[in-house]
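Just so you know, the sequence shown maps onto residues 1 to 152 in UniProt numbering. Quick reminder that beta carbons are idealized off the backbone N, C-alpha and C, glycines included. As the structure is a prediction and not an experimental result, all values here were calculated from the model. Take a look at the structure set out below.
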Amino acid sequence: MIAVGLGGGVGTLARAGLEALWPHDAAHLPGATLTVNLTGALLLGILTGFLSAVGPDEGGRRLLRLAAGTGLMGGLTTHSTYIVEVVRLQQHGRALLAPAYLFGSLAAGIAAAAIGLLLGGRVGRTLRTLRTLHARQTRPTRRRPRPQGSSS
């Protein structure tokens with residue numbers, strides 16, 4: 001739980017920092033929220049794909065998933081702000097921008113997560129293969145005994 005809390009705190013501070021650097025009014029596209037949500041979807045996809053490919057959800061992998069996935073990405077991304085921004089765009093008469101942001105952000109988020117899962121899975125499988133090959137190369141080889149009576 002401490003890992004989730006620490007990760008969440010870092011993610012929330014990162015989002016708040018980006019929102020402070022990239023302010024918007026309610027009548028325009030909220031770039032900071034769109035950026036953190038798409039980045040978070042991509043990174044969570046990469047993390048999930050990687051961890052799934054390298055081994056079971058236990059030990060250090062579980063701690064990393066909780067701290068970086070649940071905590072950091074959960075604190076960084078914000079579904080509730082995204083929904084409120086859609087409503088605020090509609091309230092400000094942005095009849096085309098509101099649904100474009102709603103559905104465009106959703107579609108882009110799904111695509112980002114899918115790409116992340118593919119990339120993370122590929123990296124994880126490659127790493128697992130390299131570890132297996134390395135283990136085989138560093139393992140002592142057993143010599144077969146020579147049959148009795150044979151000359152070399």
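Please state whether DSSP places residue 28 in a helix, a strand or coil.
Of the three classes helix, strand and coil, the one that applies to residue 28 here is coil, per DSSP.
Between 148, 126 and 135, which has its C-alpha nearest residue 51's C-alpha?
Among 148, 126 and 135, the Cα nearest to that of residue 51 belongs to 126.
Below 8 Å between beta carbons: does that hold for residue 130 and residue 49?
No, the pair does not count as a contact, with Cβ atoms beyond the cut-off.
To the nearest angstrom, how far is it from the Cα of residue 109 to the Cα of residue 85?
Between residue 109 and residue 85, the C-alpha separation is close to 16 Å.
Kindly indicate which three-state DSSP category residue 12 falls into: helix, strand or coil?
In the structure shown, residue 12 sits in a helix (DSSP, three-state: H, G or I).
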